[in-house]
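Sequential numbering from 1333 applies to the sequence shown in the working numbering.
A short worksheet on the structure shown next.
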Amino acid sequence: MALLRRLPVAIAFAFAFAIVASGMAHAADVSVAVAANFTAPMQKIAPEFEKDTGHKAVLAFGATGAFYAQIRNGAPFQVLLSADDETPAKLANEGLGVGGTRFTYATGRLVLWSAQPGVVDDKGELLAKGGSEKIAVANPKLAPYGAAAIEALTKLNLLDKVSARFVQGENIGQTFQFVSTGNAPLGFIALSQVMVDGKIGKGSAWIVPANLHSAIKQDAVVLNTGKDNPAAAALMAYLRGDKARAIIHSFGYEF
């Protein structure tokens, strides 16, 4: 600043502009495929990432299974934030992911939720009581949260009792839509879809005990298309940082 004050105005302006331009030259965009359950956290993290690093995360949200197929078919995503830990490992083994970049950025929690208060008790006992209301569940063959729901119901010896009531969503995003719009009175979804600032925003819910299903570990991986992109490396580091982890935790994820 002292140097700028000693320079003529025009030269000082040009000098300051050169400093800014130099910083901008090092900024980059990174194309990120984001699992649907991580939509809300990533929408909060992305602007903070840009503010703190100068890099911009360009986000696409969807089902991990669909992203896997798109990546294998040449989709230009540079980072995958998966809903599981299997897909990033598979991509790395197939030579489409950069070895050594995988890590678990969050561990998800499953919740039985209704948009209406008083429908779901905090112990999930309504499942054992029976009923005729539809239950939304994500496709367990494609969605980790759907697989976790089936696993939990099996451990509770309730799967045969409630399976006839299932309405299957193609992914966790569609499953949430079924319940939030009332097309299904209740459903198994990701806790992150209904939690804001550490609290479930509305409706009624039972957070499924973690010991009833396998851990929903969600891994990130840099894809080959992003291996030389500084923004991809910066994003992976940022997701490990305190600010991003605080946001992630506020949506009900664990580590």
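Ideal Cβ positions, reconstructed from N, Cα and C, are used throughout, including at glycine.
What you are looking at is a predicted structure, and each value in this text was computed from that prediction instead of being measured.
Limits of the unbroken alpha helix (DSSP H) element including K1376 = Residue 1376 sits at position 44 when you count from the first residue of the sequence shown. Run containing K1376: 1371 to 1385, per the alpha helix (DSSP H) assignment.
Per DSSP, cross-strand counterpart(s) of I1539 | Here residue 1539 corresponds to residue number 207 of the sequence shown, with the count starting at 1. According to DSSP, I1539 bridges with V1443.
Cut-off 6 Å between Cβ atoms - residues of its own chain near M1356, not counting five sequence neighbours on either side = Translated into positions along the sequence shown, residue 1356 becomes position 24. With a pLDDT of 45 at M1356, under the threshold of 50, the modelled position of that residue is not reliable, and the figure given next carries that caveat. Nothing meets the Cβ criterion.
Classify A1395 as helix, strand or coil using the three-state DSSP reduction.
-> Against the sequence shown, residue 1395 aligns to sequence position 63. A1395 falls in the coil class under three-state DSSP.
Looking at C-alpha atoms only, which residue of F1435, K1466, A1496, G1584 is the closest neighbour of V1528?
-> For the purposes of this step, residue 1528 is taken as the residue at position 196 of the sequence shown. The shortest C-alpha separation from V1528 is found at G1584.
In chain order, what residues of the same chain have a beta carbon less than 7 Å from the beta carbon of H1545, not counting five sequence neighbours either side?
-> Position 213 of the sequence shown holds residue 1545. Answer for H1545: L1442, A1480, E1483, A1484, listed in chain order.
Given D1453, which residues of its chain have a CB within under 8 Å of its CB, disregarding the five upstream and five downstream residues?
-> Taking the sequence shown and counting its residues from 1, one reaches residue 1453 at position 121. Counting only residues of its own chain and dropping the five nearest sequence neighbours on each side, D1453 has a CB closer than 8 Å to the CB of S1536, W1538.
Please name the residue, chosen from D1416, T1419, L1391, that lies closest to P1408 on a Cα-to-Cα basis.
-> Numbered from 1 along the sequence shown, position 76 holds the residue referred to as residue 1408. Answer by Cα proximity: L1391.
Is it right to say D1492 is buried, meaning 16 or more other beta carbons lie within 10 angstroms of its own, or is it exposed?
-> The count along the sequence shown starts at 1 and reaches residue 1492 at position 160. Exposed.
If you draw a straight line from the C-alpha of T1396 to the C-alpha of G1406, how long is it?
-> Along the sequence shown, read from residue 1 onward, the residue named residue 1396 stands at position 64. Along the sequence shown, read from residue 1 onward, the residue named residue 1406 stands at position 74. Distance between the alpha carbons of T1396 and G1406 is about 15 Å.
Terminal residues of the continuous alpha helix (DSSP H) containing K1461?
-> Walking along the sequence shown from the start, residue 1461 turns up at place 129. Here the alpha helix (DSSP H) through K1461 covers 1458 to 1461.
Cβ neighbours of R1497 in the same chain (closer than 8 Å, five flanking residues each side left out) | The sequence position of residue 1497 within the sequence shown is 165, counting from 1. Answer for R1497: G1463, S1464, E1465, K1466, I1467, listed in chain order.
Start and end of the alpha helix (DSSP H) containing S1414?
-> By one-based count along the sequence shown, residue 1414 stands at place 82. From DSSP, S1414 is part of no alpha helix (DSSP H); its letter is neither H nor E.
State whether the segment 1424 to 1437 contacts the segment 1551 to 1564, with contact taken as three or more CB pairs (one from each stretch) at a distance under 8 Å.
-> Yes, they touch.
From S1512 to N1561, what distance separates their C-alpha atoms?
-> Walking along the sequence shown from the start, residue 1512 turns up at place 180. Walking along the sequence shown from the start, residue 1561 turns up at place 229. C-alpha separation (whole angstroms): 38 Å.
Could you tell me which residues DSSP puts in a beta bridge with M1527?
-> Position 195 of the sequence shown, counted from the first residue, corresponds to residue 1527. In the DSSP assignment, M1527 forms a beta bridge with I1532.
Put Q1509 into one of helix, strand or coil per three-state DSSP.
-> Numbered from 1 along the sequence shown, position 177 holds the residue referred to as residue 1509. Here Q1509 sits in helix by DSSP.
State the beta-bridge partners of L1555 as determined by DSSP.
-> For this step, residue 1555 is matched to residue 223 along the sequence shown. G1429, per the DSSP bridge assignment.
Spatial distance of K1487 from N1543 (CA atoms) = Counting from one through the sequence shown, the residue named residue 1487 turns up at place 155. Counting from one through the sequence shown, the residue named residue 1543 turns up at place 211. Each residue's alpha carbon lies about 10 Å from the other.
Using DSSP with H/G/I as helix, E/B as strand and the rest coil, what is L1474?
-> Within the sequence shown, numbered from 1, the residue matching residue 1474 stands at position 142. If DSSP states are grouped into helix, strand and coil, L1474 belongs with coil.
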